[in-house]
Amino acid sequence: MSNYTKKQVSDLVKGDLDWDTLHRMLSMPKDKDRYANYVAVLQDQVSWDDKIIMPFGPHLYLAETKKDKKLVTKCACGHEYGDYKKNWKLNALIYVRDSEEKMQEVYPKLMAPDTSWQVYREYYCPSCGVMHDVEAPTPWYPVIHDFQPDLKALFDWLDLPAPVNA
Amino acid sequence: MTKQENFSVETTKPGSLLSSGLTLNDHRNLILQRTEKTGFYNGLERLDFKESDPIGYERIFSKLRAGLVNSREVAKKIAASPIVEQEGELCFTLYNVAGDCIATSTGIIIHVGTMGAAIKYMIQNNWESNPGINPGDMFTNNDCQIGNVHPCDIATIVPIFHENQLIGWVGGVTHVIDVGAVGPGSMSNGQVQRFGDGVQITCRKTGINDTPQRDWLHESQRNVRTPKYWILDEKTRIAGCHMIRDLVEETVREEGAQAYEKFATEVIEDGRRGLVSRIKAMTIPGKIRTVSFVDVPYTHEDVVVPSFAKIDTIMHAPCEITVKPDATWRLDFEGCSRWGWHTYNANPVAFTSGIWVMMTQSLVPTERINDGARYATEFRLPKGTWTNPDDRRTAHADAWHFLVSSWSSLWRGVSRTYFGRGYLEEVNAGNSNPCNWLQGGGINQDGEIHAVNSFETAACGTGACAVKDGLNHAAAIWNPEGDMGDIEIWELAEPLLYMGRTIKTNTGGYGKYRGGLGFETLRMVWGSADWTMFFMGNGYMNSDWGLMGGYPAATGYRFEAHNTGLLERIQEGKSLPLGKDGDPSLCEFEKHLGPDATVKRDKQCITTESIFENGDLYLNYLRGGPGFGDPLDRDPAAIAEDLNEKFVLPEFAKKVYGVVISQNKAGDWSVDVKKTASRRDEVRKERIARGKLTHQWMEEERQKILDKEASVQVQQMFASSFFLSEKFLGEFKEFWDLPTGWELKEEDLGIPMFGAVHHMDISELPDVHPVIMTEQ
Chain U
3 MSNYTKKQVS
13 DLVKGDLDWD
23 TLHRMLSMPK
33 DKDRYANYVA
43 VLQDQVSWDD
53 KIIMPFGPHL
63 YLAETKKDKK
73 LVTKCACGHE
83 YGDYKKNWKL
93 NALIYVRDSE
103 EKMQEVYPKL
113 MAPDTSWQVY
123 REYYCPSCGV
133 MHDVEAPTPW
143 YPVIHDFQPD
153 LKALFDWLDL
163 PAPVNA
Chain B
263 MTKQENFSVE
273 TTKPGSLLSS
283 GLTLNDHRNL
293 ILQRTEKTGF
303 YNGLERLDFK
313 ESDPIGYERI
323 FSKLRAGLVN
333 SREVAKKIAA
343 SPIVEQEGEL
353 CFTLYNVAGD
363 CIATSTGIII
373 HVGTMGAAIK
383 YMIQNNWESN
393 PGINPGDMFT
403 NNDCQIGNVH
413 PCDIATIVPI
423 FHENQLIGWV
433 GGVTHVIDVG
443 AVGPGSMSNG
453 QVQRFGDGVQ
463 ITCRKTGIND
473 TPQRDWLHES
483 QRNVRTPKYW
493 ILDEKTRIAG
503 CHMIRDLVEE
513 TVREEGAQAY
523 EKFATEVIED
533 GRRGLVSRIK
543 AMTIPGKIRT
553 VSFVDVPYTH
563 EDVVVPSFAK
573 IDTIMHAPCE
583 ITVKPDATWR
593 LDFEGCSRWG
603 WHTYNANPVA
613 FTSGIWVMMT
623 QSLVPTERIN
633 DGARYATEFR
643 LPKGTWTNPD
653 DRRTAHADAW
663 HFLVSSWSSL
673 WRGVSRTYFG
683 RGYLEEVNAG
693 NSNPCNWLQG
703 GGINQDGEIH
713 AVNSFETAAC
723 GTGACAVKDG
733 LNHAAAIWNP
743 EGDMGDIEIW
753 ELAEPLLYMG
763 RTIKTNTGGY
773 GKYRGGLGFE
783 TLRMVWGSAD
793 WTMFFMGNGY
803 MNSDWGLMGG
813 YPAATGYRFE
823 AHNTGLLERI
833 QEGKSLPLGK
843 DGDPSLCEFE
853 KHLGPDATVK
863 RDKQCITTES
873 IFENGDLYLN
883 YLRGGPGFGD
893 PLDRDPAAIA
903 EDLNEKFVLP
913 EFAKKVYGVV
923 ISQNKAGDWS
933 VDVKKTASRR
943 DEVRKERIAR
953 GKLTHQWMEE
963 ERQKILDKEA
973 SVQVQQMFAS
983 SFFLSEKFLG
993 EFKEFWDLPT
1003 GWELKEEDLG
1013 IPMFGAVHHM
1023 DISELPDVHP
1033 VIMTEQ
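So, in structure tokens, the structure goes:
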């Protein structure tokens, strides 16, 4: 197993890691301490003090609040979406590309879906406008709750103490 | 581990093939019983051989694995079909006595499971007594009701004996170029039932004493359009199987039969533990929900099928992945839509075996992939759905069309857990839907009856990673060793000249890291007679999504041109369309055609056979992959490169990536970083201005549902899933807060419903005992 420095993990997150190291990461067994380095790197990138438990996306986090140890979904800008067990998308802004005109804002004619078959749903942060996700379902499709982590089991795997409210 | 295989507990009967005296079926059932009881393959709580003699264990594995790969590389040179010889569409796999895979070669490793299912079918249906299993036998199978993906994957299966005792099996599969379906080409459409999907062979004994039976040779060759390729493909499979059989016999001589037998069992438990270990090392326990769709646009006039199949439908594949605390996992496809009258249905084995092709590209990138991984995985594929049809009439020629789409969503889902753990290098936004499939047939440039299936699809764009762009025109999910093939070879194999082959602009999904781009080849029919072609791909819908803010790849479109006047224009030295259709709205090709040309340029990407004369054009557009992350996070320098490489059109660089760009006199693009930062701030504000609170939007969407305001195909998809799954219906109604009495039924949509109510499963045939390896 290879081990990597926090600097290397930071370069990975930034997309700046050299190819040789990246290739080693791909081809060698995984480094168990990646998680600790990773969340430390992510923590350095945000301006708030709540503790990052894991990211749900490049700008979206599961965090433990400093004040009362609640587990919430939170944007990098600080916007909170509420309890991490609830689908954050329901508290986001949505923009639905449901017409040819709206589709042609993002793809050339003939290269986007026909909106009587499929729409694009873009989910934005209400505070900073970052796009956290794009769904591409049929009309009527329920909003997908992508991921519900089992934190107790994860921290058991990691041999680390779980958040108190996990 | 929960039970995965239904098995009967019968009184042990005397058998002659095994030293234990058990029949093959009893032997297999005992393995299943021990596995179910203990959670370990065959009850192996300890790997005695591996632990006591690790070098001996590894020596056997390395020898067998190297032999499998070597046999594939040698045998494929026998084939003449470019699908096999150029694209590597073949695979050899070694099985233990029970039909569980020990090790496999490289290549189309989906067949780890499909050939295993065929062996298990022979075991369960007592091939032991009739037609008998003897040294030197060969069995041929491509039956989709047994587990084959599609009829064109022909498997040769050879039993391996030591001192007159069966010690295992070897299987070889090649993707043949034609199986005599209604539509020419290996993955054709036009047919909508098995009766028209090409010749299907059910574990038939086709060889004795290492020699193919003459009746088999005569019968099989005349049932396909391309007998030359058929014959050489079979020789390829036989040669590879016999090389591997020799290797196993040699290994047994060197290591002893007992050691080999122990190895052949332990290695599967080892494989099971390997998957568990990787799940624990890389993923996050919990629930992941994902979904995928595929358009089946059959009402169009260019799709000629029976009237009961002339409906627009949508394949629906929702999946709930549960990664359990014990690091096994369950994949539940509750809510899938029904099978249909088209060639995209799939057998459960095709599904469950196929996902390992994908997983070997991320979760288990190891040569140790074998049936152990399956024993660590629970699959639930509800009966009656497109991936577990309850009717023996279903067609499967292009099962991949649905399979790859549903797997793309799995890749996206599992990537969420890699991302959460910090293994960004493993994240993949998904795969492209590898299409278009250029297919057709008739009389070729050599005056022979012919059929084609261009495998340029083997090199589509890949999905973006969380640290880098997807690869351009590089791979396909079903064969990790992607290769688009040499133009010169395709021109020998097909009466189609290349007018150009070039990267396809704007096909990679946008994102912080963009999806890999696809490519396009413009083909002109030349030298043929009585030639037809058709299109096969996605057009009205995307089957991939982006990940974490990335966009899906571009959808497909169709371009074909007839009566082009090109042969005259060539003689007259006039301009020609040379393959780049950079912005389809500009209709570049049409500027170089004669005045009487008729052009079809639209989103109808599935058609059935239509006539192409010499000089006609066909655009083969191979798709791109989906993107990762918010496009506004993309490095401006990368966008400048995209522009200069013609990977993205300037209009969309500005609109999607929010860059401020300029072009110098030499035509080079550059991005103004400072102005771009400012513009991107504006774009974010525009998003906030145009966005609605999701709860508010849901009220509007709910009203559309109450008003039944959606296309027929969307309603048919939901109605078909609701009919098969009360759970999915209940969740749908709960999410949208619909009244208790709300319902949506197919019979209210005014469309044909053949197969929706009346059907007949393969298990209803006399003396047929299907092998069931999933919950259903």
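Protein chains in written order, with my numbering: chain U, 3 to 168; chain B, 263 to 1038.
Beta carbons are placed, not taken as given, at the ideal position from N, Cα and C, and that holds for glycine.
query                                                                                                                                 : result
Option nearest glycine 430(B) by Cα separation, candidates Ala379(B), Tyr357(B), Lys524(B) and Ala543(B)                              : Tyr357(B)
Threonine 473(B) at chain U interface by Cβ criterion, 9 Å                                                                            : no
Under 7 Å from the C-beta of leucine 162(U): neighbouring residues of chain B                                                         : Near leucine 162(U) there are no residues of chain B at all, since even the closest Cβ is about 12 Å away, more than 7 Å.
Member of Asp557(B), Glu1026(B), Ser677(B) and Lys312(B) whose CA lies at the smallest distance from the CA of valine 976(B)          : Asp557(B)
Anticipated Cβ contact below 8 Å, leucine 112(U) with proline 421(B), distance rounded                                                : Wrong, their Cβ atoms sit about 53 Å apart, outside the cutoff.
8 Å Cβ cut-off: residues of chain B touching cysteine 77(U)                                                                           : Neighbours of cysteine 77(U) on chain B: none; closest Cβ ~12 Å, over 8 Å.
Validate contact between the stretch 834 to 854 of chain B and the stretch 673 to 687 of chain B using beta carbons, cut 8 Å, 3 pairs : no
Three or more C-beta pairs below 8 Å linking the stretch 816 to 832 of chain B and the stretch 140 to 148 of chain U                  : no
Euclidean distance between Cα positions of glycine 301(B) and threonine 639(B)                                                        : 11 Å
Lysine 989(B) classed as buried or exposed, judged by whether at least 16 other C-beta atoms fall within 10 angstroms                 : exposed
Sheet register partners of phenylalanine 641(B) (DSSP bridge)                                                                         : Leu593(B)
Option in Ala915(B), Arg896(B) and Asp897(B) with minimal Cα separation from leucine 905(B)                                           : Ala915(B)
Interface positions of the stretch 816 to 827 of chain B facing chain U (Cβ-Cβ less than 7 Å), listed along the chain                 : Ala816, Thr817 and Tyr819
Paired residues, beta bridge with glycine 762(B) - DSSP                                                                               : Leu784(B)
9 Å Cβ cutoff met for methionine 979(B) and proline 610(B)                                                                            : no
Glycine 17(U) at chain B interface by Cβ criterion, 9 Å                                                                               : yes
Residue-level contact to chain U via CB, glycine 808(B), 9 Å cutoff                                                                   : yes
Phenylalanine 997(B), enclosing alpha helix (DSSP H) - first and last residue                                                         : 988 to 998
Top-ranked residue by Cα proximity to isoleucine 576(B), from Gly812(B), Trp601(B) and Met377(B)                                      : Trp601(B)
Runs of alpha helix (DSSP H) wholly within the stretch 874 to 914 of chain B (minimum 4 residues, chain order)                        : 898 to 906
Residue-chain proximity (glutamate 137(U), chain B), Cβ-Cβ < 9 Å                                                                      : yes
Buried versus exposed, by CB contacts within 10 Å (16 or more), methionine 798(B)                                                     : buried
Within chain B, partners of glycine 131(U) - CB distance below 7 Å                                                                    : Arg946, Lys947, Arg949 and Ile950
Near-chain B residues of the stretch 86 to 101 of chain U - C-beta to any C-beta below 8 Å                                            : Lys91, Leu92, Asn93, Ala94, Leu95, Ile96, Tyr97 and Val98
Spatial distance of tyrosine 606(B) from leucine 162(U) (CA atoms)                                                                    : 46 Å
Distance between proline 393(B) and leucine 665(B) (C-alpha atoms, nearest Å)                                                         : 34 Å
Neighbourhood of methionine 263(B) by C-beta, 6 Å cutoff - its chain only, sequence neighbours within 5 removed                       : Only weak support is given to the placement of methionine 263(B): the predicted model assigns it a pLDDT of 38, under 50, and the value that follows is read from those uncertain coordinates. Excluding residues within five positions, the ones whose Cβ falls inside 6 Å are Gly301.
Option in Arg949(B), Val787(B) and Ala635(B) with minimal Cα separation from threonine 533(B)                                         : Note on residue identity: the sequence assigns glycine, not threonine, to residue 533(B). Looking at the Cα atoms, Ala635(B) is the closest of the given residues.
9 Å Cβ cutoff, aspartate 462(B) in contact with chain U                                                                               : It should be noted that the sequence gives glutamine, not aspartate, for residue 462(B). Not an interface residue.
Alpha carbon of glutamine 266(B) to alpha carbon of aspartate 748(B), nearest angstrom                                                : Note that glutamine 266(B) scores 45 on pLDDT, short of 50, meaning its location in the model is unreliable; the coordinates nonetheless yield the value given after this. So the two alpha carbons sit approximately 43 Å from each other.
Start-to-end residues for the alpha helix (DSSP H) that takes in alanine 755(B)                                                       : 749 to 755
Sufficient close CB pairs (3 or more, under 8 Å) joining the stretch 434 to 453 of chain B to the stretch 870 to 877 of chain B       : yes
Option in Gly725(B), Asp405(B), Arg946(B) and Arg476(B) with minimal Cα separation from aspartate 895(B)                              : Arg946(B)
Contact list for glutamine 701(B) against chain U, beta-carbon separation under 7 Å                                                   : In chain order: nothing, as chain U lies at least about 21 Å away.
is_contact[proline 151(U), chain B] using C-beta, thresh 9 Å                                                                          : yes
Alpha helix (DSSP H) segments (min. 4 residues) lying fully within the stretch 778 to 849 of chain B                                  : 828 to 834
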